[in-house]
Structure formats: C-alpha cells, structure tokens
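Numbering (our numbering), first residue to last: 6 to 365. Ideal Cβ positions, reconstructed from N, Cα and C, are used throughout, including at glycine.
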Ligand SMILES: [Zn+2]
Ligand SMILES: [Zn+2]
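Structure (structure tokens):
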C-alpha cells in the first residue's frame with residue numbers, strides 16, 4: 006500500500022503554497038486563498054476487499070497497515086486525526102481543547118473506501134439555520150450559536166463492512182393456518198365464531214447466498230451516539246480511499262476492533278439467515294429449531310463516512326447536532342427556553358382569566 010498518512014504528506018497549493026483542502030461534492034482539492042484547484046487522481050479503479058480470516062489469524066487483532074497521527078481526547082476518549090496544520094483545535098464530540106503536543110502515532114487498518122463529503126460547511130450551516138428556525142421554544146442564543154461556523158466540524162466516521170458467502174442448513178416447523186367454527190353460549194342463546202388454528206408440519210433444508218456490505222459502526226458509542234436517523238449513507242458513492250479527501254476534515258480512528266466488529270456482523274448474518282430460512286419454510290408462520298450457519302469467502306473493508314457535528318454548551322449542558330455529510334439529513338438534541346414556555350403559559354392563563362371575567 007503506497008498511501009501513508011505521515012506529516013510529509015502535505016497538500017500544498019502549487020500556485021501560492023497555502024494548504025489545499027478537499028472541496029465537498031467534487032474530486033478536487035481547492036486552495037482557500039487563490040482558488041487554485043487540483044484533481045484527485047484515482048489510483049485504483051476498484052476498492053480492495055481484504056480477506057478477513059487472514060487479518061484475524063495471521064495479522065492479528067491489532068493488525069495495522071499504516072500509521073496515523075492521532076489526537077486523543079482526555080474527556081471523551083475519542084481518537085481523531087486532523088489532516089491540516091492547525092493552531093488550536095477542540096474535540097469534535099465534546100469540545101475539549103486538544104493539544105498538538107499530545108499527538109500519537111498509531112497503527113490502523115487503512116480505509117479501503119470513503120464516501121467523500123458532498124455538502125460543504127456553508128450548506129451544512131444553511132441546513133442548521135433552517136432547522137433552528139423551525140424548532141419551537143428554543144432559547145434566542147441558540148439561534149446565534151447555530152450561526153457560528155467555527156463550532157461546526159466535518160468528521161469522517163469509521164465503519165467496518167463485511168461481505169461473505171452464507172450457507173445455512175436448518176430444521177424447523179411450518180405452520181399453516183386453518184379456521185374452525187366453534188359454538189359458544191351467551192345469555193341470549195348459542196352463537197358461533199371462527200377460530201384460527203395452526204397445523205404444524207416438520208420442515209428442513211438449506212439456504213445460501215451472498216451477503217453484501219453488512220455495515221458495522223466502528224466507533225464506540227458511550228458518550229457519542231450518532232443518531233440512527235441520520236446514519237444512512239448510499240454506499241454506491243464509495244470511492245477508492247485517498248488521504249486527499251480527508252484534507253480540511255477530522256477523521257476518527259475506529260475504537261471497535263476488527264474482531265469485535267466481525268463478531269457483531271455475525272449476529273446480523275444470523276438474522277439474514279433466519280429471514281431466508283423463514284421464506285424457505287413458507288406457510289403462514291414458522292418455527293426455527295436448529296440451524297448450522299457457515300460463512301465463507303469472508304472479506305471486509307474499513308470505510309469512512311461523512312457527518313457534520315456541532316457541539317456547544319448551553320447552561321452548562323452539552324447539546325449535539327448532526328448532519329449527514331452526504332444526504333443533508335439533520336438530527337439533534339435541543340434546549341428549551343424556560344422563559345418562552347413560562348410566558349406562553351402565563352399568556353394563556355391571562356386569556357382564560359379575561360374570558361372568565363367577561364363571561365360573568
Ligand atoms: Zn493557492
Ligand atoms: Zn472529546
């Protein structure tokens with residue numbers, strides 16, 4: 006692998022020498038000073054699927070193929086990589102100031118593919134503004150906070166994806182519904198009703214097929230859960246990884262190991278197998294008694310997916326907003342203004358009182 010993420014790998018402007026940054030929605034780097042643009046060359050035509058068992062057994066759990074410079078947040082323990090030169094920086098998740106001297110060199114499995122940012126910070130800001138304007142009872146200073154571009158970070162999230170050939174044999178029961186007429190007594194005489202019953206018959210067989218791109222979040226959740234509402238990306242837009250796409254953004258290193266990610270993916274593969282088995286059994290309802298699930302030709306990729314995060318303090322409490330960097334979907338926790346709600350309630354009480362007085 007020829008890509009490295011070392012400090013020598015600077016992206017500087019051929020025209021003025023300033024730092025080049027990735028221009029969202031394109032395959033270009035752009036100079037913020039003189040406007041010079043440079044095309045990001047695609048080195049490979051398709052992305053590599055890495056052989057899973059080789060990584061797990063031979064290379065080991067702590068497998069890495071490259072080193073990356075990482076800043077570790079002492080507050081929330083997120084590991085983040087920043088491509089550009091910076092003077093001051095704070096944690097994308099919790100806002101804790103990060104110190105350049107705390108940079109560590111660590112190994113990581115190089116991403117195989119990336120969905121580059123499609124929205125730039127300006128567009129993300131526009132989405133924030135609209136969202137904030139629409140929420141009721143928000144404190145006034147929230148509207149000011151959302152206008153602050155400095156508080157908005159573009160972050161590449163780490164994910165594992167797994168592919169495999171799945172084969173499962175099973176034993177179970179097939180249930181077919183049928184109805185019987187029952188008579189029952191009431192005060193007014195005898196009545197009849199239809200009652201549903203199930204006829205069970207044994208079923209066994211096997212299913213097989215290819216499972217593509219089981220997506221596993223490789224970032225430990227604890228304090229920084231990306232809302233599931235925005236955690237959907239079109240993986241059709243994955244491109245071959247190139248560090249140039251990271252320029253100007255923050256990249257998080259996975260905290261869920263390949264081994265643990267693989268373990269989670271097996272649970273999902275099991276669910277897929279059960280769905281296939283239920284279809285194979287047929288009938289109206291099914292019971293699965295035993296299965297033997299085998300995965301073969303397993304491959305994986307480490308991929309990066311884009312999200313914008315804004316975190317800020319409001320009355321000593323931390324609030325987060327998230328925007329999907331590909332689709333623009335937004336989700337966030339929001340504070341409520343005590344005074345806005347208080348005055349509204351007060352207004353309603355006054356109106357009721359006035360009506361009551363005039364109604365007398
Ligand atoms: Zn320039
Ligand atoms: Zn943090």
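For this session: Could you please give the first and the last residue of the uninterrupted beta strand (DSSP E) stretch that includes residue 165?
Result: 157-191
For this session: Output the residues surrounding ligand 1, defined as those with a CB atom closer than 6 Å to any ligand heavy atom, in chain order.
Result: 18, 20, 21, 23, 36, 38, 39 and 41
Exercise. Whose C-beta lies closer than 6 Å to the C-beta of residue 283 among residues of the same chain, with five residues either side of it excluded?
Worked result: 291
Exercise. Do you know offhand how far residue 117's Cα is from residue 184's?
Worked result: 56 Å
For this session: Less than 8 Å between the CB atoms is what I'm expecting for residue 330 and residue 313, so what's the real figure, rounded?
Result: 6 Å
Problem set entry | Length of the line joining the Cα atoms of residue 182 and residue 278 | 24 Å
Exercise. Cβ-heavy atom distance between residue 257 and ligand 2 below 7 Å?
Worked result: Checking every heavy atom of ligand 2 against the Cβ of residue 257, none is found closer than 7 Å.
Problem set entry | Proximity test, residue 101 beta-carbon vs ligand 2 heavy atom, cut-off 7 Å | yes
Exercise. Which same chain residues, not among the five before or five after residue 296, have their C-beta less than 6 Å away from its C-beta?
Worked result: 173 and 175
Exercise. Is DSSP giving residue 238 helix, strand or coil here?
Worked result: coil
Exercise. Say the cut is 7 Å; is the CB of residue 80 nearer than that to a heavy atom of ligand 2?
Worked result: yes
For this session: Indicate, with yes or no, if ligand 2 has a heavy atom lying under 7 Å from the CB of residue 98.
Result: Yes.
Problem set entry | Residue of 201, 208, 231 and 171 minimising C-alpha distance to residue 214 | 171
For this session: State yes or no: is the C-beta of residue 278 nearer than 7 Å to some heavy atom of ligand 2?
Result: no
For this session: Give the straight-line distance between the Cα atoms of residue 54 and residue 25, rounded to the nearest whole angstrom.
Result: 30 Å
For this session: May I ask which residues mark the beginning and end of the beta strand (DSSP E) holding residue 196?
Result: 194-222
For this session: Answer with buried or exposed for residue 256, where buried requires no fewer than 16 other C-beta atoms within 10 angstroms of its C-beta.
Result: For residue 256, the number of other beta carbons within 10 angstroms of its own is at least 16, and it is reported as buried.
For this session: Drop a sphere of 10 angstroms on the beta-carbon of residue 106, count the other beta-carbons inside from all chains shown, and report buried for 16 or more, exposed for fewer.
Result: exposed
Exercise. Taking C-beta to C-beta, are residue 80 and residue 258 nearer than 8 Å?
Worked result: Pairing residue 80 with residue 258 gives a Cβ-Cβ distance that is not under 8 Å.
For this session: Note down the Cα distance separating residue 363 from residue 343, rounded to an integer number of angstroms.
Result: 30 Å
Exercise. In the DSSP assignment, what residue or residues form a beta bridge with residue 284?
Worked result: DSSP lists no partner for residue 284.
Exercise. Looking at the structure shown, is residue 276 part of a helix, part of a strand, or coil, going by DSSP?
Worked result: helix
Exercise. For residue 360, which of helix, strand or coil comes out of DSSP?
Worked result: helix
For this session: May I ask whether a heavy atom of ligand 2 can be found less than 7 Å away from the beta carbon of residue 274?
Result: False, no ligand heavy atom lies under 7 Å from that Cβ.
For this session: Please say whether residue 38 and residue 23 have beta carbons closer to each other than 8 Å?
Result: yes
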